[in-house]
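Below: the structure, in structure tokens.
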DNA sequence: CGGAACGTTCTGCTCTCGGGAACGATCAGG
DNA sequence: CCTGATCGTTCCCGAGAGCAGAACGTTCCG
């Protein structure tokens with residue numbers, strides 16, 4: 013009945029997690045707002061809110077629900093767990109500082125892209141909205157950069173799982189075309205996304221390889237598309253190349 | 013059959029969230045480990061892992077599941093949402109520095125206590141385990157400190173909801189005794205927990221009042237019980253008093 | 001004072017989800 | 001190279017959980 017009809021995911025958990033997401037997006041929401049947003053029955057949403065609150069995932073203030081701070085502790089732990097976290101925390105600000113652009117380090121989790129550490133020079137309200145999301149691999153520079161080091165079967169697995177939805181009119185929506193793009197990334201040595209994920213947003217990314225020889229993430233720089241020109245692209249790529257080398261060296265040192 | 017038999021919470025979501033918690037506690041876990049840990053059927057756990065992974069709450073690496081970094085973004089947002097966050101980030105390190113002890117700022121959410129910002133001077137592995145949890149109000153200095161400003165009905169509501177489980181042999185387990193303790197806190201001006209939440213852990217907390225006149229959290233200091241003596245307690249309380257005043261002033265300034 | 005809006009509670013029907021077993025793949029040891 | 005153990009995956013069925021809808025209680029308007 014509802015759009016979701018995959019069947020291979022638990023519906024109840026599905027709804028719960030979606031409620032959390034809606035609460036985040038609405039920056040706090042009441043029962044009535046959430047029933048309107050989700051299209052579910054009042055009593056249903058009510059039960060989910062109750063359960064989520066009990067576990068500290070949501071926090072009720074008056075009749076408004078907000079995301080619970082408990083999630084911070086879980087998430088902080090998740091972030092620190094990554095081998096590259098400490099290095100990213102040191103290197104990403106350097107990169108942002110040198111290029112005077114937004115910079116981040118991203119990793120792939122379950123076929124999606126998520127930022128492990130970022131420095132946003134722009135307004136933090138706008139970026140916080142973007143940051144809470146998981147990004148698609150096919151539309152981001154970081155996704156292309158990381159997947160360029162994966163085998164074709166692994167790439168196809170990810171594409172099959174998540175598809176290649178069009179997010180702007182520039183998004184690559186064909187799997188074969190995407191694979192050719194990855195080939196180009198390998199030859200060029202860096203990946204770009206020119207308004208493919210978000211209209212007007214231009215990003216460049218380079219894969220970072222861990223001491224074990226496998227790619228562990230991607231360092232990226234982000235700018236508005238109107239700031240693009242050949243010279244700048246070259247300058248940014250040089251900075252990224254240098255930082256990627258630094259990153260990998262420090263990762264190796266840390267492993268000792 | 014299982015200990016949980018309240019009935020007023022969604023079982024499926026319940027299990028899902030508990031799986032996330034187990035994964036955290038085990039610092040990454042496989043399907044087999046989680047079935048053993050939860051006592052559920054393999055296929056059941058499998059379904060939950062699948063669903064949680066799809067939403068980025070968990071991340072599968074080989075056959076091991078870890079907490080997903082997406083939670084960091086949700087949690088970071090939850091933390092920054094609090095009016096007191098920015099001030100806490102500034103004041104708590106000062107307090108830790110001056111007292112040379114562990115310090116934090118905590119808030120109450122859904123009748124539980126959670127840390128909004130903390131500086132741990134001890135090993136971060138041990139504290140990270142503690143930090144991911146929600147604390148009970150009745151056994152912590154921060155809980156007493158915050159609840160000392162609440163009305164009796166509100167306090168009783170919270171106690172009814174969560175009970176007063178004995179966490180050490182010093183934990184207050186009687187509601188009336190707890191209310192008398194709150195009375196003592198109000199007279200004394202600060203709250204303590206002497207090994208009531210964790211054996212050997214001594215904490216002192218003072219409530220912080222926001223510009224609107226209601227309590228918005230508690231600043232606390234934490235030390236081992238063997239470090240306790242009259243003089244030190246007096247010194248710590250003085251430091252806390254001063255910092256609480258600073259905290260409230262900055263909160264008011266920020267509100268302008 | 002009356003009605004609208006919202007959260008809460010209750011009940012019954014349906015379909016989800018949990019259990020169990022069978023399957024497949026991987027690995028270690030004889 | 002075969003065999004048994006271990007672990008993840010898939011399938012199927014029945015029980016009961018969870019969703020919907022309506023009724024109730026409260027608050028806040030005009």
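Chains as they are written, first to last, in my numbering: chain C, 13 to 268; chain U, 13 to 268.
From the three backbone atoms N, C-alpha and C, an ideal C-beta is built for every residue, glycine too.
**Item:** When 259(U), 266(U), 264(U), 178(U) are compared against residue 117(U), the one with the closest alpha-carbon
**Value:** 259(U)
**Asked** In terms of alpha-carbon separation, which member of 120(C), 39(C), 52(C), 61(C) lies closest to residue 91(C)?
**Response** 120(C)
**Asked** Any contact of the stretch 223-237 of chain U with the stretch 181-193 of chain U, i.e. 3+ C-beta pairs under 8 Å?
**Response** Contact between the stretch 223-237 of chain U and the stretch 181-193 of chain U is not established, with fewer than three Cβ pairs separated by less than 8 Å.
**Prompt:** Would a C-beta distance cut-off of 8 Å place residue 175(U) and residue 84(C) closer than the cut-off?
**Reply:** Not a contact, by the Cβ cut-off of 8 Å.
**Prompt:** Is residue 22(U) helix, strand or coil when you go by DSSP?
**Reply:** coil
**Message:** Does any residue of chain C have a CB that is nearer than 8 Å to the CB of residue 90(U)?
**Reply:** Taking 8 Å as the CB threshold, residue 90(U) lines the interface with chain C.
**Request:** Taking 8 Å as the threshold, find out whether the stretch 40-52 of chain U comes into contact with the stretch 35-45 of chain C through three or more Cβ pairs.
**Result:** no
**Asked** Touching or not, the stretch 66-86 of chain C and the stretch 98-107 of chain C, by the rule of three or more beta carbon pairs under 8 Å?
**Response** no
**Prompt:** Using 8 Å as the limit for Cβ to Cβ distance, is residue 162(C) near chain U?
**Reply:** no
**Request:** List the residues of chain U that residue 121(C) touches, going by C-beta distances under 7 Å, in chain order.
**Result:** 68, 71, 80, 81
**Item:** Helix, strand or coil at residue 58(U) according to DSSP, with G and I counted as helix
**Value:** helix
**Item:** Same chain only: Cβ atoms within 7 Å of residue 267(U), ignoring 5 sequence neighbours per side
**Value:** Closer than 7 Å at Cβ, skipping near neighbours: 223.
**Request:** Check whether the Cβ of residue 86(C) lies closer than 8 Å to any Cβ atom in chain U.
**Result:** yes
**Item:** Euclidean distance between Cα positions of residue 217(C) and residue 69(C)
**Value:** 33 Å
**Request:** Identify the contact partners of residue 63(C) in chain U, using a Cβ-Cβ distance below 7 Å as the criterion.
**Result:** 21, 22, 25, 26
**Asked** Quick one: is residue 207(U) buried, meaning 16 or more other Cβ sit within 10 Å of its Cβ, or exposed?
**Response** buried
**Prompt:** When DSSP labels each residue in this structure, what does residue 109(U) get in the three-state scheme?
**Reply:** helix
**Request:** Could you pull the start and end residues of the alpha helix (DSSP H) that residue 122(C) belongs to?
**Result:** Careful: residue 122(C) lies outside any alpha helix (DSSP H) and carries neither H nor E.
**Asked** Under 8 Å between C-beta atoms, does residue 36(C) make it to chain U?
**Response** It does: the Cβ of residue 36(C) has a partner Cβ on chain U nearer than 8 Å.
**Prompt:** When the Cα of residue 253(U) is compared with those of 229(U), 212(U), 202(U), which residue comes out closest?
**Reply:** 202(U)
**Prompt:** Using a beta-carbon distance below 8 Å, is residue 60(U) in contact with chain C?
**Reply:** At least one chain C Cβ lies under 8 Å of residue 60(U).
**Request:** Whole angstroms is fine: what's the gap from residue 248(U)'s alpha carbon to residue 233(U)'s?
**Result:** 8 Å
**Prompt:** Per DSSP, which one or two residues make a beta bridge with residue 229(C)?
**Reply:** Its beta-bridge partners are 220(C).
**Message:** Measuring only the C-alpha atoms, how far is residue 238(U) from residue 212(U)?
**Reply:** Cα-Cα distance, rounded: 7 Å.
**Asked** Of all Cβ atoms in chain C, is any one closer than 8 Å to the Cβ of residue 146(U)?
**Response** Yes, residue 146(U) lies at the interface with chain C (some Cβ there is under 8 Å from its Cβ).
**Request:** Just list the alpha helix (DSSP H) runs in the stretch 167-209 of chain C, keeping only unbroken ones of 4 residues or longer that don't cross its boundaries, in chain order.
**Result:** 187-200
**Request:** Return helix, strand or coil for residue 96(U), following the three-state DSSP convention.
**Result:** coil
**Message:** Quick check on this structure: which residue in 265(C), 31(C), 89(C) has the alpha carbon closest to the alpha carbon of residue 64(C)?
**Reply:** 31(C)
**Asked** Using the beta-carbon of each residue, which ones in chain C are nearer than 8 Å to residue 113(U)?
**Response** Simply none; closest approach about 21 Å.
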